[in-house]
Amino acid sequence: MGIFEPYRALGYITDNIPFVVQQRGLENFVTVSVGKAFQIFNCAKLSLVFVAPQLEKRIRSLACWRDYTYAAAGRSIFVFRRAQQVAQWSAHQSKIVHIVALGDHILSADSKGWIFVWEATNLEKEAAPVRNFFVEEPVLPTCLMHPDAYLNKVIVGTEEGSLFLWNISTGKLLYKFKGWGSPIRCCVSSPALDVVGIGCGDGKIYVHNLRFDETVTTFSHTTRGSVTALSFRTDGQPILAAGGSSGVISIWNLEKQKLQGVIKDAHESAVCALYFLSNEPVLLSAAADNSIKMWIFDSNDGEARLLRFRSGHSAPPAFMRYYGSGRHILSAGHDRAFRMFSTIQDQQSRELSQGHIAKRAKKLKLKEEELKLPPVVCFDAAEIRERDWCNVVTCHVDCTVAYTWRLQNFVIGEQILKPTVGTNHGSVEACALSSCGNFAIIGTEAGHVERFNIQSGLSRQIYHDASLNDYKAHEGAVVGLACDGTNNLIISGSYDCHVKVWSFKGGQEKSRWLLGSPLVKMIFNRGSGLLATVSYDLVLRVYDVEAAKLVRMFEGHKDRVTDLCFSEDGKWLLSSAMDGTIRVWDVVSSKQLDAMRVVDPVTSLSLSPSMDMLATTHIGHNGIYLWGNRLIYTSTMDYENAGSGKRVVDKSLPTVPSAHESTENCSFIEDPTALKTEQRGLQQEEEDFTTSSQIMPQLVTLSLLPKAQWQSLLHLDIIKMRNKPVEPPKKPKKAPFFLPSLPSLSGDPTFVNLGSVGGGKRSETEEKRQHLSTKNTAMDGDSSFIRLLYSCSESKDFGNLLLFLKGLSPSEVDLEFQMLRVVDDLESMDESRGKQLQEIGLMLDFLTEAVSSRRDFEFVHGLTRLFLKVHGETILQQSTLQEKAKLLSDSVSASWERLDHMFQNVRCTLSFLSNALY
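Sequential numbering of the sequence shown, starting at 1, is according to full-length UniProt numbering.
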């Protein structure tokens, strides 16, 4: 199986597929494609809502309708309800290029010119389209658009520059427009009736009237290339935004028919989509540079400013390392960006500022990318001085200086480290920070090694070999640098096949060894004092720096090694190579533990300090991929057999995190009843969420009642004391008219016969008749609670009684329990006393059954405590009630012990994982 398993991918925001914006209530949501999956952001803060599972092929187009998302991939359309796939439509014979939602229908166009019409509510496994029609041959549809207020009509734009108007209900061509002799790249509807905007491949923008087939006005895009996206402002301003293949967004004033503004550095690649939020001066844009941005038009001159954005690397990252405790990753890419990614929350990921790039680019009339620093070759970071001064140092391609960065403020530092020795030291090729965080060591292409104070930027020590001139430490370029954990030693490795150890303070050479071939990479572990190197001979060598002795050699890679990484304890050595393999070497036992092969070779890898995650970057991929360590979650006995040994196991790259990681997400709804229920729910505007009362009898199920309702059962005395009036209520001077009645807990009065109220002498027969009538009336006056208690006891099913109690307020529940209290003072109440004892016994039976069922867990325990508080003394005086109370006690103890045992397992697991370290 292997030690590492795919977990997730970081840094993916969007690709070159146009997004879809949907308004749900008062909020806007944007659905974007990320390769083989899609993810949804909330436009309020561009926060990630959820991500769909991966498909087999790349997504080519997206559409949204209510809670459903439709993704076209290959020849099929995949239907998702939120993040779960519920259907797959496969009727096209060629690749689908566009889909669009039109009312309660979904339209799809393929590369052969066929357009299919689907019912959005069709969730059957073998779904068929409602109808289909053929546009024209040879025609490649490039865009589908529904003009506002055109019922069942769709506009089809083609690569040949033709524009068609079709009726999807009849499948008939209504009109073919004259066209403009250039491929149509995009088409959008405007707030004005019958008017649309059309963007062409020659850079022309046409505002066209469909009813009269006349062009209202024409604009030329500000830069060369095609117009790839258009959007009209909908808040009453006559504004049209146009995005092009160069990444520039042009803002046109339709009323004045002239250019109002240009966002030059909106994106680094072609703009794939633009959208003005409904009745808001906010423009949403996305491009293939892996970014999505929001622009707001709130200035007097009509210029747009960047409101918020989410972005990742626009080019593959080249060097990456875990930072600190493992919650963040520092990454440098070929896009000249230096970024920090959060492994916990994607919203915390950001790019480190290089100092007013946008302002300087605008002043010099250059692109922001041209003013950025060259791509980073390597860097080193120390967390210990993060709050004091700069704590990161970087080396850049063909750059003669090293730069410092302050991660606390996410900005570039004030100090620039420039070598002070040598007439021609060349570019800086290697760097390292001391363990104390006060010093930075840099190595140059000419072979110089120099130590700087990172706070002041001043040179503090030059390390040179006495046998070499020009204060050089090596004859060749310095490839790697390292500093030990006590600031006693500095290790430098060079292309001249030598590794040298220097005194940190004095600068004298203490030892050296010859590798046999030029050095490619080296890595040092401060905890164990081991140094790992790899040369052009593809052999990994591990040295004990203090003893200056070779201790291990590993062979296995078939191509150039790209990176090395030690585990925190120094027991594992990880290596990656251009042969596509990642190998794990056990330094202690001197053997290969695991080897896995990926499709695209790894360019950089880093193991987290807790060893639970491995991060990798790959050729041609803009993201960072995380792999989970299986040994963290398995027993120690499986340690030896966890890896694949010398056998190489093929692995697929991790994907963006899905909302549900189970395999059930990619399956269809097989239950016909569930399918019908789903279809009925589709036809409702508002769908109610329902859940079963209890999933499994072994599980504890809560009542979902308000917290105050069941907690108040425990504190009724305090509540009554707090709510007690300061003065007792006063009787009215004149009592109102009333009818004599018996008290009732249900609130409905039980009236007494008026004949029983009058005075006078009555015969013995009348008194007996009156006694029987009063007795029957008293029986009829039992509350609904008492009657329900008897009926449920006879049927041995207390479900209705529990449901009745859940509908009462805490005071009403307390009153019902108080009415069961046994009166001991009156000797004539023996019959009533026996009845009340029987009712208390029935209540004990009810509570025992309710506790054993594990349903409404917190509410039932609140009822139990309140009932025992009211009738505890009576139960202690009756032996029959004591037996039932003992059964209730056993049931409560059993249910809680089982629950506490489960809690203890969770506590132990969390305690172990929070301190997991080999």
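Glycine included, each C-beta is placed from N, C-alpha and C at the ideal position.
CA-CA distance, residue i and residue j?
i: residue 483; j: residue 329; result: 21 angstroms
i: residue 768; j: residue 834; result: Legend: pLDDT at residue 768 = 45, less than 50; position of this residue unreliable, value from coordinates given subsequently. If I take the Cα positions, the gap works out to 23 angstroms.
i: residue 365; j: residue 226; result: 22 angstroms
i: residue 290; j: residue 315; result: 9 angstroms
i: residue 9; j: residue 260; result: 40 angstroms
i: residue 687; j: residue 66; result: Confidence in residue 687 is poor, its pLDDT being 44 and thus under 50, which makes the residue's placement unreliable; the coordinate value appears in the next sentence. Cα-Cα distance, rounded: 11 angstroms.
i: residue 209; j: residue 304; result: 28 angstroms
i: residue 612; j: residue 325; result: 12 angstroms
i: residue 772; j: residue 808; result: Residue placement at residue 772 cannot be trusted, given a pLDDT of 40 that sits under 50; what the coordinates show is reported in the next sentence. Their backbone Cα atoms lie some 33 angstroms apart in a straight line.
i: residue 299; j: residue 333; result: 35 angstroms
i: residue 399; j: residue 443; result: 12 angstroms
i: residue 354; j: residue 137; result: 53 angstroms
i: residue 671; j: residue 124; result: Confidence at residue 671 is low in this model, with a pLDDT of 39, below 50, so its placement is unreliable and the value that follows should be read with caution. Those two C-alpha atoms are separated by around 11 angstroms.
i: residue 157; j: residue 319; result: 44 angstroms
i: residue 198; j: residue 35; result: 27 angstroms
i: residue 96; j: residue 559; result: 40 angstroms
i: residue 577; j: residue 387; result: 37 angstroms
i: residue 402; j: residue 361; result: 23 angstroms
i: residue 476; j: residue 911; result: 50 angstroms
i: residue 89; j: residue 181; result: 35 angstroms
i: residue 841; j: residue 903; result: 33 angstroms
Quick one: what's residue i bridged to in DSSP?
i: residue 145; result: 155
i: residue 376; result: 396
i: residue 810; result: Bridge partners of residue 810: none, in fact.
i: residue 319; result: 332
i: residue 285; result: 274 and 293
i: residue 649; result: 596
i: residue 443; result: 430 and 449
i: residue 105; result: 102 and 119
i: residue 585; result: 573 and 592
i: residue 265; result: Residue 265 pairs with nothing; no bridge assigned.
i: residue 340; result: 330 and 350
i: residue 463; result: 449
i: residue 492; result: 481 and 500
i: residue 381; result: 392
i: residue 9; result: 625
i: residue 180; result: Beta-bridge pairing links residue 180 to no other residue.
i: residue 132; result: 116
List the endpoints of the continuous alpha helix (DSSP H) containing residue i.
i: residue 896; result: 879-914
i: residue 164; result: Taken as a continuous stretch (DSSP letters only), residue 164 belongs to no alpha helix (DSSP H), being part of the beta strand (DSSP E) at 163-167.
i: residue 471; result: Here residue 471 belongs to no alpha helix (DSSP H), and DSSP marks it neither H nor E.
i: residue 786; result: 784-795
i: residue 204; result: Here residue 204 belongs to no alpha helix (DSSP H); instead the beta strand (DSSP E) covers 204-209.
i: residue 371; result: 368-371
Name the residue from the options whose alpha carbon lies nearest to the alpha carbon of residue i.
i: residue 414; options: 453, 422, 709 and 382; result: 453
i: residue 44; options: 235, 283, 193 and 205; result: 283
i: residue 405; options: 373, 435 and 397; result: 373
i: residue 440; options: 608, 432 and 913; result: 432
i: residue 252; options: 218, 531 and 501; result: 218
i: residue 530; options: 518, 520 and 551; result: 551
i: residue 152; options: 107, 52, 60 and 618; result: 107
i: residue 504; options: 429, 599, 37 and 438; result: 438
i: residue 275; options: 262, 98 and 293; result: 293
i: residue 561; options: 522, 592 and 527; result: 522
i: residue 412; options: 390, 421, 395 and 422; result: 390
i: residue 416; options: 879, 435, 410 and 457; result: 457
i: residue 271; options: 196, 578 and 18; result: 18
i: residue 159; options: 166, 150, 186 and 134; result: 186
i: residue 494; options: 461, 533 and 193; result: 533
Starting from residue i, follow the beta strand (DSSP E) in both directions and report where the run begins and ends.
i: residue 61; result: 59-65
i: residue 174; result: 172-176
i: residue 305; result: 305-311
i: residue 454; result: Careful: residue 454 lies outside any beta strand (DSSP E) and carries neither H nor E.
Start-end ranges of the beta strand (DSSP E) lying completely within the region 526-578, minimum 3 residues: 530-535, 540-544, 549-554, 561-566 and 572-577
Minimum length 3: unbroken beta strand (DSSP E) runs contained in the region 222-262: 227-232, 239-244 and 249-253
May I have a chain-ordered list of the beta strand (DSSP E) segments no shorter than 3 residues that lie completely inside the region 11-87? 20-24, 27-34, 37-42, 47-51, 59-65, 68-73 and 76-81
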